[in-house]
Amino acid sequence: MQELQVIFSGVAQGCIYGLIALGFVLIYKATETVSFAQGELMMLGAFCGLACVNWLGLPFWLAIPSSMLAMAIMGWLIERAVIRPVLGQPAFSIVMLTIGIGYVARGLITMIPDIGTETHTLQVPYKDTSFDLGGVVIGATQVVVVTATALLSLVLYVVFRYSRVGIAMQASSQNQLAAYYMGIPVQKLNGLVWALAAAVAAIAGLLLAPITFVHANMGFIGLKAFPAAVVGGFGSLPGAIVGGVIIGVVEALSGFWLPEGFKDIAAYIVVLLMLVLKPNGLFGENLRKKV
Amino acid sequence: MMNDILLSAQNLSVRFGGVLAVNNVSFDVQRGEVFTLIGPNGAGKTTVFNLISRIYTPTSGQILYDGQVLTDVPPHAVANLGIARTFQNIELFEHATVLQNLLIGRHTHRKTSLWSEMFFTAKTRAAEIEAREKVEQVIELLDLQHHRESMVAGLPYGVRKVVELARALCTEPKLLLLDEPSSGLNVEETEDMAFWISDIKNVLGITVLMVEHDMTLVSKVSDRVLAMAQGMELATGTPAQVQSDPGVIEAYLGTVDDVSSLRRENAKESA
Amino acid sequence: MTTDGIVLKLSNVESAYGPIKAIRGVSLQVKQGEIATVLGSNGAGKTTILKTISGIIDPRKGSIEFKGEDITARDPSLIVQRGLMHVPEGREVFPLLSIRDNLLMGAYTRQDRDGVARDMEAVFNYFPILRERSAQDAGLLSGGQQQMLAISRALMANPDLILLDEPSLGLSPKLTKEIFEIVVRINRERGTTILLVEQNANMALNASDYGYVLENGRIVMEDTCANLREKEDIKEFYLGMKEEGVRADRRWKKKKNWR
Amino acid sequence: MRFIFKTDYDQDIRLAKHGGHVFWYSLLLAFLVAAPWLIEEYWLAQLTFVLIYSVVGLGLMLLAGFTGLFSIGHAAFLGVGAYTEAVLAARGWPFPVSLAMAAGLSAAVGAVVGLPALRVKGIYLGIATLSFGFIVEEGLARWESVTGGNAGMHVKGIQMFGWEANTSESFYMVCLVVTVLSTLAVLNLLRSSTGRAFVAIRDSEISAQSMGIHLARYKTLSFMISAALAGMGGALYAHKLQFISPDQFNILQSVDLLLMVVIGGLGSIHGAFLGAIFLITMPQLISLGKDYLPAAIGQAPGLQAVVYGAVLIAFVMFEPMGLYGRWLKVRTWFQLFPFYRKGMFKRQKSFQKSDRLK
Amino acid sequence: QQQGVSKTEITIGTIQDLSGPLAGYGKAVRNGMLLRIDEANEQGGVNGRKLKLITEDSGYDPKRAVLAAQKLVNQDKIFIMAGHIGTAQNNAAMPVQFEKKVVNFLPVTAAREMYEPLSKFKYALFATYFDQMRAAVPALVKEKKSSKVCAIYQDDEFGLEVLRGAEAGLKAINMDFAEKTSYKRGATDFSSQVARMKSAGCEMVVLGTIIRETVGTIAEARKTGFNPVFIGSSAAYTDLIHKLGGKAMDGMYATMTVPHPYLDEASNPIRFWANKYKTKFNEDPTVFSVYGYVILDTFIQAAQKTGPNLTSDSFIATMDKLTVPSDIFGSPEGKFTPTQHLGSNKSRLSQIQDGKWKIVSDYYKLD
Ligand SMILES: Nc1ncnc2c1ncn2[C@@H]1O[C@H](COP(=O)(O)OP(=O)(O)OP(=O)(O)O)[C@@H](O)[C@H]1O
Ligand SMILES: Nc1ncnc2c1ncn2[C@@H]1O[C@H](COP(=O)(O)OP(=O)(O)OP(=O)(O)O)[C@@H](O)[C@H]1O
Ligand SMILES: [Mg+2]
Ligand SMILES: [Mg+2]
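Protein chains in written order, with my numbering: chain A, 665 to 955; chain B, 3 to 273; chain C, 77 to 335; chain D, 35 to 392; chain E, 86 to 452.
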């Protein structure tokens, strides 16, 4: 029974990793950069939600779309201001940029007097609800996380797989030059991707807020999302979720069964094993160049 | 001479998912000859090259090189056996100069140890100078003096093709695999290429296995030609024999009349 | 269309890679419905001209007009929307997209689904192998097959002007002929204007109406193709026609005399 | 412009290509040697840190800049070196020996990390090294009997054969010697066949392989050398800080190291040094500068992170080639002086090409 | 010539975390210090010398703490380092200070290394985590008659100190932990740890946790119907616990040395102080503001006593016989001797009742 409880908590936690990983994969798939700012975007999203609920007094259900919108605009602005000018530079430059963006975001939030250095709670209507399924207690927060993650990844999967814009985003990441030749508005799509990633981050932030509270350093959870994305295969959206859940469950079970210390590095051990067994992750593309 | 076989492919097949890229192909390359593979696009010529340089492993069949079974050799060791190649799409070290590219070609002849390199001992210095001398010979041969210090990334397509050939030559191979050496070269440059290939064969004594679409070049330099189509052998023989083979004409060369007819009619119509 | 029937006009265009000037003051014109060709040896700057036209490189000087509109240094996607498509040197396919998706990307700027489906059918008929492999990743195609895909992708855009950079690169002799037939056919049937860069000068001169000769980044000669074919230098250096025996054992090169 | 007429292959091989090089580098070295008498103690301490980070930077530059393998867990090697040195120094081993051990042990760990590198690349490798970094950090924290766990451990001063480097001047000298020697070793490596093999792997694995380069061996070698240098840096770091704890070798440290080489300029040895100067002086400059700002901003928490991030962003945006790239432009400008043309350094449109297939 | 002391000024340095995980605390400590400095300067300073505070940011990173210490000691020439935050940070910075005879004065960390081993330059004021737990845990165990005590602790020096203290306290009453479980700093998910303690049947849980982890652990436990007695250290004694955790936190115990200054505090002087702070910084004071204030208050007392000839040596001489009386906050009396550089090892217990900390015990006596 205890195990079942632990496993479920692991799944829920894993979905959070997956949700952040979704943001990574999104940006990776569309621009082939790894955004180290995703965790910070999530943090900004959570603060947005906080502003909506606690200070503007909006109901939670309205706060979700408003923060998503606000963050989408923010994502687009970030892209416009700092990413676009260096678009086309090697992916690594942009990775560095995202690290810088992360620093600035964290620093700016910290600088807000009276708010930035504090930890806040986001009041959500379902916070204290939980369901007792014959001994296994499932919090509504967890149910919401799992459901939202599943829906979101499905939507994004369909967009990338079947829509023209989705395919064009992938095309630009694989060969930017050719994308220009085809008349794909690479820059605009790039803006769109960042907006989308920021909106996803906002959702992640809002869902995470009741669990970990809102504070300037909440973005560090993103470090656990990297292993999730890698285990699933970095280019794969469903992979992000599956990877997240695997990591979450392994982590929870090793915290329960194994000696001290294993829980914290379980995620990383899983990654290393994965890379040895299946270097491109569970759902990763086969990346061999034909000469 | 007849039995001096350098490379022998025996019943090679390779399958990628549903595609049988090479289907039971056998051929022998004699020491000191220029052997050419021709065939329509997607016939499996490059795949044969990739099998020889061990990028792919055959589904069945084997390759013998100098009496040794090549299929067990790890990919990086192929060069040590004296096999060098060029690539159809040019695979140079883009962020290095031509000279550095060619020096990398000397890797198989490396004699120095890590420690002696770290302290740059006299031995290393001597080895460096020796490598450089060899490289300069190749530069001389292929007329690359102008481009010695240029970054590869900025070179025109045709020059890169030559650099790639030069890099392969720097390994001082016994067998040279050339994948479409003349693509992207104009007539004049193709002629130079023909001279170089003959020199490589006659002066340097290197055996050449080549894939090529330019039939003028093929006829000029090859001793024997193997035509492939859809992974299978179509015909083998001298260039002239193969070129007159009806199967080859049908699948590869096409009928003789050319586009100009189309064009002139058109011009007349509009006139 | 402009009244004088000139689709593309380059005036005194100069482009450079960092400090290296690749083309120096190139002016050329392509008329509506014609096939024009640019000949030139390795590194003459042919590719650079095409890249400059399609907005991949910003020129240092000069201007480019397409259908009467100034497109100098505009965003490439905008230029494609105006109806100009470029088949780049070196294929540049999207390696991890299926062939079908690659073709769809060619038609990215188009809105008419029916037309796209029709064109897809047409290119599948030109190159049946593409239909056969349509679900395969483009990166796994053979070199020549990728070249077919690159050309087909451009056709999918149904453009007014196609820039073709060495379309015959890596194609079998038979396919080379077919490609030129297709080019001519498209030019004739759809009225598509074509600017062609090709090492196979024989083919290029036969298929084209008007030709330019580029050396060291400068246009050194221009004329109708019929006239060009008759010029001695062209014959010798680009068509490879020379008295037998002269070149065969001569190891030095005769210098081109128009430099 | 300077034209050099070459009459000898040795001229290309030599480290100093012309008299100018000889002059300027001798001057630099003379300054560095005389520094303890020339500059204040505070700045000498900064300079010492710069030297230490340069050694680490050299290693990472070799790995990331020349072999194309990005490690986001490099602090782990720093940590292994630091702890090895701390433990051995406590047992009274002479410094040269313990330093060699620190380098050797780091290299051994590097070889282990190199293993996944044989099969994965790009972001996968990044995450593999990141994971490894976490595991090493945890290991250092858990192996309490040796490392003292999270409580950290104090590090004794440098001692060798009866001599002790117990002043900041003498410690600086030790760092200078280690730095100069490592730099020479790396430069030598890069101008010989191993270095070229690294570059080859960076640019095209397939063709490196076809040139007979054993990918697995050279990638592992690159990891090992890089780790060894990081280990030596770690050893010096341990002595400099005199107190080490596992969380000093965490992901943030790794990211800092990576930033250092990128800001310095990937693929250049100068870059490692310029990056180290940047990494050390930047926070100092911020804290020197903040007293001049209005208190509401200057004293606000988080300012440092904002400025740090902003500078980083500005760098990538305006000088993607790093400090070294900027330096090259400045130098060219001077060399060409009256003939400098506008637009000469104008950035060309450039296009990202997928690294996924290499 | 003593560094950091001029005719008109005494320069005090402090290193806080202003951008890292403890930025909230760092800021509060600094504000508390500034408040006391302003008070002192308004009254003409210390023996005619004005006080000046220079703050550096370590971001909770030991390396940056060393760099900051170097700047403060060698560049800004501070007289004293006061209230430096963080255990590892202090450990890393102290050698730099001691080289220049700069005293490490009452750091904001309750680790034993802040006064042990004895050094001329180390002084600490408040009871360590070790002593806090050593005293409070057995007392609470007796009171609640718990038979199974467990611990969850942060896997670092802080958490271990709490654990060791509780362990020592339990040993004194012949008990041991039924279950120990840890988490890594920054963790957000405690479900497996809680499940583990639940299946061990714990009746009391010692929390080696700080803020969010405290709230996370208790919330997770309450959710799964696991309701032992929770007791934390002074690190968990902050108003954030009940602000963040809400009702679920009621009933939790924590040890403490100085009380949280609620703005509507019953005690008059504390309320007055808290409102003064609020007016000055436009922020509610926290217990860390009190630390900052008390630290500088103690410094001022000592400097005043030392007299006009203020040098490191004379200051240390004063410190070694200083007695700090209890102040408005009711903090325990501090007493320093040449061999005892910890001012006080006394702490008491507080419990959250109706969303507020209430003091529920007297100072525990420790031998
Ligand atoms: N790794 C692979 N996976 C799947 N199919 C492959 C792979 N490599 C080659 N093929 C297929 O095998 C066939 C032969 O390819 P190959 O590259 O050998 O052709 P080729 O004869 O060199 O043609 P070209 O003249 O166009 O270069 C092609 O149909 C190609 O799509
Ligand atoms: N990326 C680049 N960086 C620097 N110089 C370049 C770059 N690309 C081309 N060049 C230079 O510009 C000149 C023109 O190159 P371009 O590619 O246009 O020639 P081309 O006529 O297309 O040649 P080819 O027939 O080989 O394709 C060449 O001298 C070349 O060295
Ligand atoms: Mg091929
Ligand atoms: Mg070209």
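From the three backbone atoms N, C-alpha and C, an ideal C-beta is built for every residue, glycine too.
No experiment lies behind these values; they were computed from the predicted model shown.
DSSP three-state assignment for residue i, whether helix, strand or coil
i	result
THR424(E)	coil
ASP102(E)	coil
ILE779(A)	coil
HIS304(D)	helix
GLY186(D)	coil
SER287(E)	Strictly speaking, residue 287(E) in this sequence is Cys, with Ser absent from that position. CYS287(E) falls in the coil class under three-state DSSP.
GLU165(C)	coil
ASN13(B)	strand
TRP334(C)	Here TRP334(C) scores only 40 on pLDDT, less than 50, and its place in the model is too uncertain to base an answer on.
LYS387(D)	strand
ILE96(C)	strand
THR309(E)	coil
LYS143(C)	coil
SER228(C)	helix
LEU33(B)	Here residue 33(B) is Arg; the residue named in the question, Leu, does not match the sequence. Of the three classes helix, strand and coil, the one that applies to ARG33(B) here is coil, per DSSP.
C-alpha distance - residue i paired with residue j, whole-angstrom precision
i	j	result
LEU239(C)	ARG100(C)	20 Å
GLY301(E)	GLN838(A)	43 Å
ASP194(B)	GLN147(B)	16 Å
GLU172(D)	ILE163(E)	36 Å
GLY166(C)	SER288(D)	39 Å
GLY317(E)	PHE357(E)	29 Å
ALA859(A)	LYS230(E)	57 Å
THR93(E)	GLY133(E)	7 Å
ILE65(D)	VAL212(D)	First, the amino acid is wrong: residue 65(D) is Phe here, not Ile. One C-alpha to the other measures close to 16 Å.
TRP719(A)	GLN702(A)	25 Å
VAL146(D)	VAL170(D)	12 Å
VAL823(A)	ASP177(C)	14 Å
LEU434(E)	ALA310(D)	49 Å
LYS143(C)	THR695(A)	33 Å
LEU325(E)	VAL121(D)	41 Å
Rounded Cβ spacing between residue i and residue j (contact assumed at less than 8 Å)
i	j	result
ALA676(A)	CYS712(A)	Incorrect: roughly 23 Å between the Cβ atoms, too far for contact.
ALA388(E)	LEU407(E)	With a Cβ gap of about 11 Å, ALA388(E) and LEU407(E) do not count as contacting.
ALA229(B)	VAL244(B)	5 Å
VAL913(A)	ILE684(A)	17 Å between Cβ atoms; not a contact.
HIS169(E)	ASN175(E)	5 Å
THR269(C)	ASP236(C)	6 Å
Next item on the list: Go through the residues and name those whose CB comes closer than 5 Å to any heavy atom of ligand 2, in chain order.
Entry: GLY156(B), PRO158(B), TYR159(B), GLY160(B), TYR93(C), ILE96(C), ALA98(C), ASN118(C), GLY119(C), ALA120(C), GLY121(C), LYS122(C), THR123(C) and THR124(C)
Notebook entry, point to check: Do the segment 57 to 70 of chain D and the segment 186 to 200 of chain D touch if we need at least three Cβ pairs shorter than 8 Å?
Noted result: no
Next item on the list: For the segment 250 to 267 of chain E and the segment 910 to 927 of chain A, state whether three or more C-beta atom pairs, one from each stretch, are separated by less than 8 Å.
Entry: yes
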